[in-house]
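Using UniProt numbering, the letters of the sequence shown correspond one by one to residues 1 to 374.
The C-beta atom is built at its ideal place from N, Cα and C for all residues, glycine as well.
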Amino acid sequence: MSNTKTLYTPFRADIVGSFLRPQTLKEARAKFEAGTISKEELTKVENEAILDLVAKQKAAGLHVITDGEFRRATWHLDFMWGFEGVAHQKTETGVLFHGEPALIDDTYLVGKISVNHHPFVEHFQFVKALEDENTVAKQTIPAPAQFLQQMILEVNLERTRKFYPTNEELIQDIAKGYQKVIRDLYDAGCRNIQFDDCTWGVCVGGDGCARYGAGVDLEQVMEQLLYVNNLAIEGKPDDLVIHTHVCRGNYHSTYFSSGSYDSVAEYLFQKENVDAYYLEYDDERSGGFEPLQYVSGNKKVVLGLITTKTPQLEDKETIIKRIHEAAKYIPLDRLYLSPQCGFASCEIGNKLTEEEQWAKIRLVNEIAKEVWNA
Numbered sequence: 001m002s003n004t005k006t007l008y009t010p011f012r013a014d015i016v017g018s019f020l021r022p023q024t025l026k027e028a029r030a031k032f033e034a035g036t037i038s039k040e041e042l043t044k045v046e047n048e049a050i051l052d053l054v055a056k057q058k059a060a061g062l063h064v065i066t067d068g069e070f071r072r073a074t075w076h077l078d079f080m081w082g083f084e085g086v087a088h089q090k091t092e093t094g095v096l097f098h099g100e101p102a103l104i105d106d107t108y109l110v111g112k113i114s115v116n117h118h119p120f121v122e123h124f125q126f127v128k129a130l131e132d133e134n135t136v137a138k139q140t141i142p143a144p145a146q147f148l149q150q151m152i153l154e155v156n157l158e159r160t161r162k163f164y165p166t167n168e169e170l171i172q173d174i175a176k177g178y179q180k181v182i183r184d185l186y187d188a189g190c191r192n193i194q195f196d197d198c199t200w201g202v203c204v205g206g207d208g209c210a211r212y213g214a215g216v217d218l219e220q221v222m223e224q225l226l227y228v229n230n231l232a233i234e235g236k237p238d239d240l241v242i243h244t245h246v247c248r249g250n251y252h253s254t255y256f257s258s259g260s261y262d263s264v265a266e267y268l269f270q271k272e273n274v275d276a277y278y279l280e281y282d283d284e285r286s287g288g289f290e291p292l293q294y295v296s297g298n299k300k301v302v303l304g305l306i307t308t309k310t311p312q313l314e315d316k317e318t319i320i321k322r323i324h325e326a327a328k329y330i331p332l333d334r335l336y337l338s339p340q341c342g343f344a345s346c347e348i349g350n351k352l353t354e355e356e357q358w359a360k361i362r363l364v365n366e367i368a369k370e371v372w373n374a
């Protein structure tokens with residue numbers, strides 16, 4: 001595979017980004033939180049775990065590599081903690097994922113949002129140095145809309161209004177912070193960024209919509225989600241691709257919301273200025289492929305048909321049939337394949353083994369080769 005082919009994601013066989021944490025890493029993080037090892041000692045364990053993970057990604061035939069989000073507690077909140085004006089503390093209640101409480105830190109504003117040197121830039125540089133002639137590094141970060149949603153949820157709104165009387169002011173500062181991080185990542189050699197975004201998944205589910213509070217105008221919310229994402233992307237370098245992964249929640253093999261893409265398709269698929277969509281399509285919660293007809297321009301779609309929530313391996317012929325069903329609404333040459341989400345959006349990870357995780361990756365590769373000769 002030549003360099004010209006490995007510069008940009010998505011690939012026919014792709015990944016969302018996170019992987020199950022090895023036990024050595026979980027133990028090191030627990031020791032660090034208990035104060036029995038230093039930050040430097042934790043970083044050493046993280047580095048070793050990431051080196052091993054990248055070697056396994058390459059051995060599995062992947063052309064995209066990530067750090068598995070091994071330096072994070074959660075897929076989204078750690079990124080927010082890298083901004084000035086954001087604080088967090090251990091939660092007492094958590095967020096319910098299909099009945100299971102996700103005990104992730106309460107995260108809220110204590111001042112105006114700004115960013116100096118975001119730690120994710122250094123995290124990316126570590127993976128960038130591991131690229132070879134067959135692989136390219138991808139950086140995953142939560143979508144700007146996810147940052148906005150976090151701060152306008154009913155539980156956080158009173159704190160937010162102390163610093164931002166209107167959502168417009170908040171959106172402007174979030175977008176400005178993202179533009180700086182995007183530029184810093186670009187200057188560090190990054191050409192592939194993925195926005196992870198559960199906000200649209202919340203909007204398609206009735207229970208999820210309730211998170212914003214009673215009487216919310218959902219159409220206005222969706223306009224603001226679209227606005228902040230596109231504003232953050234404005235002015236990006238031409239040779240930088242930005243994709244988005246749309247999720248309905250992924251915690252310990254549970255989910256947050258259900259619903260088809262129909263109600264958000266015209267906002268998300270027609271108007272969001274990303275290059276590709278990584279979409280959950282692993283079960284009936286995602287609905288049908290019909291909304292793909294709204295994907296505008298030459299945007300690409302990565303079909304998340306292989307679930308990360310259960311260890312059972314999908315039937316290859318069934319997945320191939322579904323790919324061709326999706327091709328009724330968007331050309332096959334604009335379609336790609338990946339697992340539906342990461343394997344460990346939070347440290348706890350999903351309910352499968354590392355061996356089962358890699359079996360899923362191998363299946364994605366096998367199917368991609370058969371469908372696209374990739």
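At the level of alpha carbons, what is the spacing between residue i and residue j?
i	j	result
P142	L77	8 Å
Y281	L42	36 Å
V264	E272	11 Å
R248	C198	6 Å
E48	K328	45 Å
L363	E354	14 Å
G17	D67	8 Å
K236	V228	14 Å
L218	L226	12 Å
L292	Y277	10 Å
Q172	R161	15 Å
V216	I330	33 Å
Given residue i, which residues of its chain have a CB within under 8 Å of its CB, disregarding the five upstream and five downstream residues?
i	result
A39	Rather than Ala, the amino acid found at residue 39 in this sequence is Lys. The answer, listed in chain order, is F32.
H117	D184
Residues in the same chain with beta-carbon distance under 6 Å from residue i, minus the five sequence neighbours each way, listed in chain order, please.
i	result
E370	none
I193	Q139 and I242
A28	L42 and V45
F195	A143 and T244
N365	A13 and G61
Q149	T199
S114	E84
Taking Cβ positions, are residue i and residue j nearer each other than 9 Å?
i	j	result
F120	G82	yes
K299	D333	no
I182	V136	no
G304	P339	yes
F126	A344	no
F147	M80	yes
G259	V295	no
A232	Q270	no
D105	A73	yes
A145	Q224	yes
From which residue to which residue does the beta strand (DSSP E) around residue i run?
i	result
T140	Q139 to P142
H88	E84 to Q89
L305	K300 to I306
Note the first and the last residue of the continuous alpha helix (DSSP H) segment covering residue i.
i	result
E280	That residue, E280, is in no alpha helix (DSSP H); its beta strand (DSSP E) goes A276 to E280.
H245	H245 -> not in any alpha helix (DSSP H); beta strand (DSSP E) instead, spanning V241 to V246.
G201	T199 to V204
I182	N167 to D187
P119	P119 to K128
Could you pull out every residue in the same chain whose Cβ sits closer than 7 Å to the Cβ of residue i, ignoring the five residues on either side in sequence?
i	result
A87	Y108 and V110
D239	R191
I320	I367, E370 and V371
L96	Annotation note: pLDDT 46 at L96 (below 50); position unreliable, coordinate value reported separately. Contacts found: none.
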